Amino acid sequence: IAVRSPSRLTAYFRDPDETALALRDGWFLTGDVGWLDEDGWLYFVDRKKDVIRRGGENVSSALVEKVLREHPRVAEVAVVGVSDPVLGQEIKAFVVASGPVSQNELLDELREFATARLARFQVPRLWEFRASLPKTATQRVEKYKLRQTGGTLLG
């Protein structure tokens with residue numbers, strides 16, 4: 001997604017390299033991926049850096065998170081791509097349960113739930129259950145910290 005406006009940012013503070021990447025010919029490249037419909041409505045898909053490249057497929061972490069968040073026993077979820085020697089990246093879901101639950105039972109439920117709602121290549125293969133997710137002061141999930149944990153297959 002690129003925007004042009006007289007009130008857009010003119011530079012990143014003390015970061016000329018990021019500024020050069022983000023500003024092109026008067027356009028600000030937001031780092032987001034989206035699409036326009038025939039009526040001109042813009043639909044956000046995901047942050048470009050959060051799109052997971054699994055094999056030959058691009059997987060929106062935001063879409064997978066949205067689906068998993070619909071499960072009644074999920075309080076919070078974050079989905080990231082972790083390095084995989086064969087596929088490039090594998091999908092890993094970090095889940096905070098909404099209450100006490102058997103991890104194996106919830107894992108089975110979530111796999112079934114996701115499989116019924118997502119394409120096969122979008123279903124996470126790696127899962128980690130946590131008491132909480134790392135967040136910034138503004139309560140945004142710090143996905144870069146989650147990516148550093150690598151792959152852990154449960155179940």
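Numbering (our numbering) for the sequence shown: 1 to 155. Built from N, CA and C at the ideal position, the CB exists for glycine as well. Predicted model, so just to flag it, every value in this text is computed and none were measured.
From the DSSP output, which residues share a beta bridge with residue i?
i: Trp-41; result: In DSSP, Trp-41 forms no bridge with anything.
i: Gly-81; result: Ile-91
i: Arg-24; result: Trp-27
i: Gly-169; result: A question about residue 169 goes unanswered here, because the residues of the chain that appear run from 1 up to 155.
i: Glu-76; result: Val-96
i: Val-47; result: Note that residue 47 corresponds to Arg in the displayed sequence, not to Val. Asp-32, per the DSSP bridge assignment.
i: Ala-2; result: Leu-29
i: Lys-66; result: Its beta-bridge partners do not exist; DSSP assigns none.
Does the distance from the C-beta atom of residue i to that of residue j stay below 8 Å?
i: Arg-4; j: Gly-26; result: yes
i: Pro-124; j: Ala-131; result: no
i: Lys-135; j: Glu-142; result: yes
i: Glu-90; j: Arg-53; result: no
i: Ala-78; j: Leu-133; result: yes
i: Leu-126; j: Lys-92; result: yes
i: Glu-76; j: Val-96; result: yes
i: Ala-22; j: Leu-29; result: yes
i: Ser-98; j: Val-74; result: yes
i: His-71; j: Leu-110; result: yes
i: Arg-147; j: Val-80; result: yes
What residue range is occupied by the uninterrupted beta strand (DSSP E) comprising residue i?
i: Phe-121; result: Note, Phe-121: premise wrong, no beta strand (DSSP E); not H, not E.
i: Glu-57; result: 57-59
i: Phe-129; result: 126-129
i: Asp-32; result: 32-36
Hey, quick one: how far does the alpha helix (DSSP H) through residue i stretch, first residue to last?
i: Val-86; result: No alpha helix (DSSP H) contains Val-86, which DSSP labels as neither H nor E.
i: Arg-53; result: Segment 52-54 is the beta strand (DSSP E) holding Arg-53; no alpha helix (DSSP H) there.
i: Leu-146; result: 143-147
Can you tell me which of the options puts its alpha carbon nearest to the alpha carbon of residue i?
i: Ile-1; options: Tyr-12, Arg-140, Ala-11 and Gly-31; result: Gly-31
i: Leu-68; options: Thr-138, Gln-122 and Asp-46; result: Gln-122
i: Ala-119; options: Leu-42, Ser-60 and Thr-19; result: Ser-60
i: Val-86; options: Gly-56, Pro-72, Glu-76 and Lys-66; result: Gly-56
i: Ala-88; options: His-71, Val-51 and Ser-98; result: According to the sequence as given, residue 88 is Gly; it is not Ala. Taking only the C-alpha atoms, the option nearest Gly-88 is Val-51.
i: Ser-83; options: Glu-70, Pro-72 and Gly-150; result: Gly-150
Less than 8 Å between CB atoms is the rule here; does residue i satisfy it with respect to chain C?
i: Asp-15; result: The chain labelled as chain C is not found in the depicted structure, where only one protein chain is given.
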